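Number of protein chains: 2
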Amino acid sequence: MESINIAEKYGKFTAHWTPKIIAESNGQLVKLAKLKGDFIWHNHEAEDELFMIMKGVLTIEFRDKSITLKEGEMIVVPKGVDHRPKAEEEAWVLLVEPVSTYHTGNVKSERTVENQEWI
Amino acid sequence: MESINIAEKYGKFTAHWTPKIIAESNGQLVKLAKLKGDFIWHNHEAEDELFMIMKGVLTIEFRDKSITLKEGEMIVVPKGVDHRPKAEEEAWVLLVEPVSTYHTGNVKSERTVENQEWI
């Protein structure tokens, strides 16, 4: 058990769209990601996904609307809901999601990171 | 589904040691609390508890040590571990914990808030 400095953890990686694990609690993982550009459309069949914006601006497109989130804002994307994150400038996001969640959800693609790394 | 502005939610209450619920994801609740002074010794028999410090400084005493956390730091207190949060000055904390978690854990006292409120 130790304190985790979130900014320090962000300093440990630069790649976009590669979530890194910083903590586990009750079978859910806390992950950090740096996002820039468009991701792919996907959903998570059985898992809600919590996004908290730590820096910058993130837009999440849904099939019927899009929601723009800025630093200090969060959203829970319910299971089964198609979504596509995008960020014009680099955005830093904290995610909370079950151990079983792939970031690309129901879509396996070249964007999928199979074994996410602890930092 | 909507964006949640964390600072705005903190503006909705002033009482200390009364966690307020702002989101639910995968059976876990995201809560905000303002803490000042000493809490009681307790543990959560079956649930880990995630603390993220949003403002100020929080010290968590354990039976064998204490850990001081400042803004931008987090910790997961594993289930079953006795702990006692304290804050000399007001600290703002974000918690993630299962729906079933009481903030006073295994100890029911006059500090227990039975029905925590959504804000």
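Protein chains in written order, with my numbering: chain Z, 159 to 277; chain S, 159 to 277. Every residue gets a Cβ at the ideal spot worked out from N, C-alpha and C, and that includes glycine. These numbers were taken from a predicted model, which means no experiment stands behind them.
Start and end of the beta strand (DSSP E) containing glutamate 246(Z)? According to the DSSP assignment, glutamate 246(Z) belongs to the beta strand (DSSP E) that extends over 242-256.
Host alpha helix (DSSP H) of alanine 165(Z) (start-end): Boundaries of the alpha helix (DSSP H) harbouring alanine 165(Z): 164-168, taken from the DSSP string.
task: Please go through the same chain and pick out, in chain order, the residues whose beta-carbon is closer than 8 angstroms to the beta-carbon of isoleucine 233(S), but skip the five residues on each side of it.
output: Cβ within range, chain order: Leu208, Phe209, Ile218, Ile225, Leu227.
* Leaving aside the five residues before and after threonine 262(S) along the sequence, list all residues of the same chain whose C-beta is less than 7 angstroms from its C-beta, in chain order. => Within the same chain, threonine 262(S) has close Cβ partners Ile198, His200, Arg269, Thr270.
I'd like to check one pair, lysine 189(S) with isoleucine 180(S): are the Cβ atoms closer than 8 angstroms? Yes, the pair counts as a contact, with Cβ atoms nearer than the cut-off.
From Met212(S), Glu203(S), Ser258(S), Asn184(S), pick the residue whose C-alpha is nearest to that of alanine 191(S); which is it? By alpha-carbon distance to alanine 191(S), the top candidate from Met212(S), Glu203(S), Ser258(S), Asn184(S) is Met212(S).
Exercise for the section: Run the CB neighbour count on lysine 223(S), radius 10 Å, all protein chains shown included, and call it buried at 16 or more, exposed below. Expected result: With a threshold of 16 other beta carbon atoms within 10 Å, lysine 223(S) falls short and is exposed.
For glycine 238(Z) and aspartate 206(Z), the rounded distance between their alpha carbons
Aspartate 206(Z) and glycine 238(Z): Cα-Cα distance of roughly 8 angstroms.
| field | Contact with chain S by valine 234(Z), beta-carbon distance below 8 angstroms | value | Yes, because at least one Cβ of chain S sits closer than 8 angstroms to the Cβ of valine 234(Z).
> What number of angstroms, rounded off, separates the C-alpha of isoleucine 162(S) from the C-alpha of glutamate 182(S)?
Replying inline: Looking at the two C-alpha atoms, the distance is approximately 12 angstroms.
Our contact map puts lysine 178(Z) next to glutamate 275(Z) with C-beta atoms below 8 angstroms; I'd like the distance itself, whole angstroms only. Beta-carbon to beta-carbon, lysine 178(Z) and glutamate 275(Z) are separated by about 6 angstroms, close enough to satisfy the 8 angstroms threshold.
TODO: State the Cα-Cα distance for the pair asparagine 184(Z) and glutamate 203(S), rounded to the nearest angstrom.
DONE: Using only the alpha carbons, I get a separation of about 12 angstroms.
| message | Taking the straight line between their C-alpha atoms, what separation do you get for glycine 133(Z) and leucine 187(S)? | response | Past the boundaries of the shown model lies residue 133(Z); chain Z is included only from 159 to 277, so the question cannot be answered.
If you draw a straight line from the alpha carbon of glutamate 166(Z) to that of threonine 172(Z), how long is it in whole angstroms? Using only the alpha carbons, I get a separation of about 12 angstroms.
Of the residues that make up the region 226-257 of chain Z, which ones have a beta carbon closer than 9 angstroms to any beta carbon in chain S?
For the region 226-257 of chain Z, residues whose beta-carbon sits nearer than 9 angstroms to a beta-carbon of chain S comprise Thr226, Leu227, Lys228, Gly230, Glu231, Met232, Ile233, Val234, Val235, Pro236, Lys237, Val239, Leu252, Val254, Glu255, Pro256.
Quiz prompt | Euclidean distance between Cα positions of arginine 242(S) and isoleucine 164(Z) | solution = CA-CA distance, arginine 242(S) to isoleucine 164(Z), rounds to 23 angstroms.
Alpha carbon to alpha carbon, how far is valine 265(S) from glycine 214(S)? Give it in angstroms, no decimals. Rounded to the nearest angstrom, the two C-alpha atoms are 26 angstroms apart.
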